[in-house]
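One structure below.
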């Protein structure tokens, strides 16, 4: 079975300071990992994805994440927070090898990021 | 705009009524997924289609729920005899399988009174 644990339900950082959103995953086979962002009253938008290529993945808007198999982690970082980054962030795992080819996404419970001016 | 559209965006209905939602995926995408998101939670998988075939249904999908994807294009999700517990955001996503990202529609927010 695949699962995701987001270690912080709420993170607050000051504008211009680094952002760290933590995620641990569990999967039997070879997972794909994603981070999605959801702004209020907006749809889910893909930030970045890992699919067994480079372990350091760069995404949109200056975000990046590092896949660490030994730690089963996929933490999201950004060097300098911007006011527009305030949103809900979801860590997501997909493991079709463990699900008979079903590429269903399993979401974490989300981390609400607040940016302090 | 991801290219996936859903209609309606909002639906308010009384308990016991039937509702139907529509999803139009990106045209070249062969797989279509339905998810449900309740307040304060991440989306949860409901069901998915490969072209017109429904391949898997979650245990979350009770007998009151039915989904179709005729001709492998748009999809509909129907809820019969709605209950207050059905109140949620219903999300549709499409993907060009394999190993691609899922593109989400804006969702249909259902409120059952």
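Protein chains in written order, with this note's numbering: chain A, 5 to 121; chain B, 1043 to 1155.
Ideal Cβ placement from N, Cα and C applies to all residues, glycine included.
Check whether the Cβ atoms of residue 118 of chain A and residue 18 of chain A lie closer than 7 Å to each other.
-> As a first step, residue 118 of chain A must be located in the first chain, where it is residue number 114. As a first step, residue 18 of chain A must be located in the first chain, where it is residue number 14. Cβ atoms of residue 118 of chain A and residue 18 of chain A: not closer than 7 Å.
Measuring CA to CA, which of A:32, A:75 and A:65 is closest to residue 85 of chain A?
-> What you label residue 85 of chain A is simply residue 81 of the first chain in a count that begins at 1. Taking only the C-alpha atoms, the option nearest residue 85 of chain A is A:65.
Using a Cβ cut-off of 7 Å (strictly closer), state whether residue 1063 of chain B contacts chain A.
-> Translated into positions along the second chain, residue 1063 of chain B becomes position 21. Cβ-Cβ to chain A under 7 Å: no for residue 1063 of chain B.
Quick one: what's got a C-beta closer than 8 Å to residue 1116 of chain B's C-beta in the same chain, skipping five residues either side?
-> What you label residue 1116 of chain B is simply residue 74 of the second chain in a count that begins at 1. So the qualifying residues of the chain are 1064, 1065, 1066 and 1067.
Which whole-angstrom value is the C-beta distance of residue 6 of chain A and residue 30 of chain A, which I expect to be below 8 Å?
-> The sequence position of residue 6 of chain A within the first chain is 2, counting from 1. The sequence position of residue 30 of chain A within the first chain is 26, counting from 1. Residue 6 of chain A to residue 30 of chain A, Cβ: 7 Å. Contact.
Residues of the stretch 1132-1147 of chain B with a CB closer than 9 Å to any CB of chain A: list them in chain order, please.
-> 1133, 1135, 1137, 1139, 1140, 1141, 1142, 1143, 1144, 1145, 1146 and 1147
Output the residue ranges of the beta strand (DSSP E) runs that lie fully inside the stretch 1043-1124 of chain B and measure 3 residues or longer, sorted by chain position.
-> 1047-1049, 1052-1055, 1061-1066, 1073-1079, 1086-1092, 1095-1099, 1107-1110 and 1117-1121
Mind pulling the beta strand (DSSP E) runs of 3 or more residues that sit fully within the stretch 29-55 of chain A?
-> 36-42 and 48-54
Cβ pair residue 110 of chain A, residue 41 of chain A closer than 7 Å | What you label residue 110 of chain A is simply residue 106 of the first chain in a count that begins at 1. What you label residue 41 of chain A is simply residue 37 of the first chain in a count that begins at 1. Cβ atoms of residue 110 of chain A and residue 41 of chain A: not closer than 7 Å.
Chain A partners of residue 1087 of chain B, CB-CB under 8 Å?
-> Walking along the second chain from the start, residue 1087 of chain B turns up at place 45. Ordered by position in chain A, the residues that pass the 8 Å Cβ test against residue 1087 of chain B are 108, 109 and 110.
Secondary structure of residue 18 of chain A, DSSP reduced to three states | Numbered from 1 along the first chain, position 14 holds the residue referred to as residue 18 of chain A. Correct three-state label for residue 18 of chain A: strand.
As assigned by DSSP and simplified to three states, the class of residue 91 of chain A | Working through the first chain from its first residue, we reach residue 91 of chain A at position 87. Strand.
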